[in-house]
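In the working numbering, the protein residues as written are 107 to 441.
This is the structure in structure tokens:
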């Protein structure tokens, strides 16, 4: 509000207008980040991100443009439009290369890695996470190193190396505790809980879910709360307590449908499929399995794989061209 009043002043010179608009773009980006990660309100987040991007383009602020394109990609991916998200990520990465913005690159690399991971391409995903990790370590951005470690854990889990996955999860949560990041601790705790469920260590899994759920409730993070419901349901199902499993599954599905995230609906539908199978309710089980397949296929398909490969090839080509142009400019400057 104060920035709007400032920009309305007729006495501002060009430099002051650019400064105020850059500041406004930054505030809009922060509001978008809060809407996405703390309120799970993706439409609101996208609205703020796009406003910030438009302002940044208007004043030629490529640093903020790269950040907003990455954020828009993340929100767009969560909404289920993975193909469009890939375009946003690579556009962001190319701008980072163009302006030498090393700080902006690891987050984009991490997000591209997540797309490969969700497509089941764990080896390529791991490579992106490792590249992101190296830059974050060099920059001393330990809060982001936490996310890299967690994602590397997911990759190893996908490869079937559960022991290595749990090692990375624990390293990630220990670092989050050191830095005092409650939201990160909660998120990683759900990954640890999943690992314990797979190992049959249900009591240990429940301890981590309780911890995560309490934090998500305090934050009002609906996506996190939905995840906790799903994990509670899995734990009770493993204990053959169908009544409790169904209660958690109902709450989880209601939230998943409210949020509309394909990944959340997929997980909720799969839990219901397992519950109905235990009850021998094959008609309802088949309906939930069809929903699970629909959501899974909206995330996992050949078009996404091909788009990721195409964009990577385009990025490598454009990067090579950029380096060539920079070399030619440098030679001209020397001459």
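Just so you know, even glycine gets a beta-carbon here, dropped at the ideal spot from N, CA and C.
Name the two residues that bound the continuous alpha helix (DSSP H) containing residue 197.
Looking at the DSSP string, the run of the alpha helix (DSSP H) that includes residue 197 is 188-205.
Considering only residues of the region 225-287, which uninterrupted alpha helix (DSSP H) runs meet the minimum length of 4 residues and lie entirely inside it, listed in chain order?
Listed in chain order, they are 228-245, 248-264 and 268-285.
Does the count of Cβ pairs from the region 219-237 and the region 267-280 closer than 8 Å reach three?
Verdict: no, contact absent.
Going by beta carbon distance, what residues of the same chain come within less than 8 Å of residue 408, once the five residues before and after it are set aside?
Legend: pLDDT at residue 408 = 47, less than 50; position of this residue unreliable, no value from coordinates given.
Could you give the distance in angstroms between the alpha-carbon of residue 173 and the alpha-carbon of residue 351?
Distance between the alpha carbons of residue 173 and residue 351: 41 Å.
Whole-angstrom Cβ separation of residue 355 and residue 392, contact assumed at under 8 Å?
Rounded, the Cβ-Cβ distance is 16 Å, inconsistent with contact.
Out of 116, 157 and 235, point me to the one whose CA is closest to residue 178's CA.
Closest by alpha carbon: 157.
Between residue 282 and residue 303, is the Cβ-Cβ spacing less than 9 Å?
Their beta carbons are not under 9 Å apart, which means residue 282 does not touch residue 303 by this criterion.
Given this structure, state the Cα-to-Cα distance separating residue 119 from residue 137, to the nearest angstrom.
One C-alpha to the other measures close to 27 Å.
Indicate the three-state DSSP secondary structure (helix, strand or coil) for residue 336 in the structure shown.
Helix at residue 336.
Quick one: what's got a C-beta closer than 8 Å to residue 308's C-beta in the same chain, skipping five residues either side?
Here the set comprises 302, 341, 344 and 345.
Thinking just about the alpha-carbon of each residue, which of 151, 208 and 117 is nearest to the one in residue 168?
Answer by Cα proximity: 208.
Please determine if the region 131-151 and the region 188-195 are in contact, where contact requires at least 3 C-beta pairs separated by less than 8 Å.
Touching, no, given that fewer than three Cβ pairs across the two stretches are closer than 8 Å.
Measuring only the C-alpha atoms, how far is residue 371 from residue 331?
Each residue's Cα considered, the two are about 13 Å apart.
Please tell me whether residue 167 has its Cβ less than 9 Å away from any Cβ of chain C.
Looking for chain C here will not work: only one protein chain is present.
Which residues mark the beginning and the end of the alpha helix (DSSP H) in which residue 364 is found?
Run containing residue 364: 348-365, per the alpha helix (DSSP H) assignment.
With distance defined between alpha-carbon atoms, name the residue in 249, 243 and 215 nearest to residue 235.
The residue with the shortest Cα to Cα distance from residue 235 is 215.
Just to check my reading of the structure: residue 200 and residue 261 have Cβ atoms closer than 8 Å, yes? What is that Cβ distance to the nearest angstrom?
Not confirmed; about 25 Å, so no contact.
Once DSSP output is grouped into helix, strand and coil, what is the label at residue 153?
Three-state result, residue 153: helix.
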